[in-house]
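The structure appears below as structure tokens.
Protein chains in written order, with the working numbering: chain H, 180 to 401; chain L, 298 to 444.
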């Protein structure tokens with residue numbers, strides 16, 4: 180899931196300040212699950228911003244809407260009939276949603292209400308950890324299901340590096356050494372021979388290094 | 298001479314303690330300010346950030362949350378969850394330039410009728426000291442009228 184973090188409300192106030200009518204646009208997918216930009220966050224933010232401006236005697240209008248997804252045009256169409264009522268849209272979707280909304284409604288400024296952080300898993304309530312960097316060529320089969328790209332600070336493909344000590348990364352005691360985890364896991368699976376094989380040089384052209392990526396699926400294109 | 302400011306305070310009271318304590322205070326014929334309009338909740342753990350913000354948005358001068366004594370929640374830890382939510386609300390109010398003291402949480406048991414009268418007075422005095430809410434009383438939430 181895409182993990183996002185709420186932007187500080189002061190930052191949002193600065194962003195929206197020049198506009199009088201603002202639509203706060205939530206998204207029902209990832210940002211709802213990570214409690215950063217769903218319907219509930221839309222309500223709370225709208226209420227907080229209303230309080231802020233009313234206490235200062237400023238009349239601003241805050242509209243509220245939460246779409247099923249902001250990364251699909253068909254859902255973005257749902258606000259076409261009302262977007263002209265607003266001077267700006269504050270989108271609480273991930274960066275994908277904000278951009279897609281901006282592309283769909285070119286006449287209205289689109290402002291981000293969250294910071295999109297990573298692809299992660301929900302460890303426990305209020306705790307998310309990164310698990311994938313969308314490198315475009317998955318090596319998890321060889322690494323016991325533990326990703327050296329997202330979980331190793333150096334993204335080394337034949338680790339661990341010299342900075343690993345007692346199973347922890349040199350970044351600090353809170354970061355496990357991904358390669359220690361991989362070795363432990365392969366040992367438990369009885370597949371340490373996978374570790375012995377030297378990984379070929381990774382083709383990073385499928386990662387962001389190759390520029391913005393496009394995925395074409397001719398088999399499903401009609 | 299201007300009239301004394303009589304705050305309008307919304308009091309979210311847990312059914313198992315504060316609400317019963319308010320009832321007891323009444324039965325005991327205790328006198329306390331009538332500024333608090335009580336809303337009974339099944340547990341303070343039910344109260345969300347939006348409930349408190351909405352009360353302020355619609356013109357409440359203060360919001361009081363009264364739950365069970367810590368460790369004695371009927372639902373084990375609803376009051377502790379409420380406590381941490383209230384802390385977050387106070388933090389948010391500070392960020393948006395509202396006085397965090399407009400929202401306060403109290404803990405008491407159903408047997409504490411006199412304590413209810415005490416917190417009702419304390420909350421009323423606290424809000425009186427802060428003065429009326431900066432939110433216009435007649436306002437309907439602008440957010441509802443837009444779309």
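Even for Gly, the Cβ is constructed at its ideal location relative to N, Cα and C.
Per DSSP, cross-strand counterpart(s) of residue 270(H): Residue 270(H) is bridged to 204(H) and 291(H).
Cβ shell of residue 347(H) (< 7 angstroms), same chain only, five flanking positions each side left out: By the criterion of a C-beta distance shorter than 7 angstroms, residue 347(H) is surrounded in its chain by 354, 355 and 356, once the five residues flanking it on both sides are discounted.
Residues from the stretch 386–400 of chain L in contact with chain H, defined by Cβ distance under 9 angstroms: The stretch 386–400 of chain L vs chain H, Cβ under 9 angstroms: 389, 390, 392, 393, 394 and 395.
Neighbouring residues, chain L, relative to residue 222(H) (Cβ below 7 angstroms): Chain L residues near residue 222(H): 347.
Alpha carbon of residue 323(H) to alpha carbon of residue 368(H), nearest angstrom: So the two alpha carbons sit approximately 8 angstroms from each other.
Between the CA atoms of residue 394(H) and residue 344(H) - distance to the nearest angstrom: In this structure, the straight-line span from the alpha carbon of residue 344(H) to that of residue 394(H) is close to 40 angstroms.
Residue range of the alpha helix (DSSP H) that includes residue 337(L): Secondary structure note for residue 337(L): it is in no alpha helix (DSSP H), and the uninterrupted beta strand (DSSP E) holding it is 333–338.
Listed by chain order, chain L residues near residue 234(H) by CB distance under 7 angstroms: Residues of chain L with a Cβ closer than 7 angstroms to the Cβ of residue 234(H) are, in chain order, 394, 395, 431 and 432.
Boundaries (first-last residue) of the alpha helix (DSSP H) holding residue 290(L): Outside the shown range of chain L, which is 298 to 444, sits residue 290(L), and nothing can be said about it.
Distance, residue 395(L) Cα to residue 311(H) Cα: Separation of residue 311(H) and residue 395(L) (C-alpha to C-alpha, rounded to the nearest whole angstrom) is 40 angstroms.
Exposure label - residue 437(L); buried when at least 16 CB within 10 Å: Here the model assigns residue 437(L) a pLDDT of 48, short of 50, so the residue's position is not dependable, and the following value carries that caveat. Answer is exposed; the Cβ neighbour count stays below 16.
Residue 270(H): contacting residues in chain B (beta-carbon distance under 9 angstroms): No chain B is present in this structure, whose protein chains are H and L.
Per DSSP, the bridge partner or partners of residue 244(H): Under DSSP, residue 244(H) forms a beta bridge with 204(H).
Cutoff 7 angstroms: residue 383(H) Cβ touching any chain L Cβ: No - not a single Cβ of chain L is within 7 angstroms of the one on residue 383(H).
Proximal residues, the stretch 319–339 of chain L versus chain H, C-beta separation under 7 angstroms: Near chain H, meaning a CB-to-CB distance below 7 angstroms, no residue of the stretch 319–339 of chain L qualifies.
CB contact below 7 angstroms: residue 351(L) versus chain H: Chain H, which has a Cβ nearer than 7 angstroms to the Cβ of residue 351(L), makes this yes.
Proximity below 7 angstroms, CB of residue 402(L) to CB of residue 380(L): Contact flag set, yes.
Coarse secondary structure for residue 355(L), derived from DSSP in three states: If DSSP states are grouped into helix, strand and coil, residue 355(L) belongs with coil.
Limits of the beta strand (DSSP E) - the one that residue 345(H) falls within: For residue 345(H), there is no enclosing beta strand (DSSP E), as DSSP gives it neither H nor E.
Distance between residue 340(H) and residue 315(L) (C-alpha atoms, nearest Å): Looking at the backbone, the Cα of residue 315(L) and that of residue 340(H) are separated by about 59 angstroms.
Selected residue, minimal CA-CA separation from residue 363(L), among 378(L), 301(L), 302(L) and 351(L): Residue 378(L) is the option with its Cα nearest to residue 363(L).
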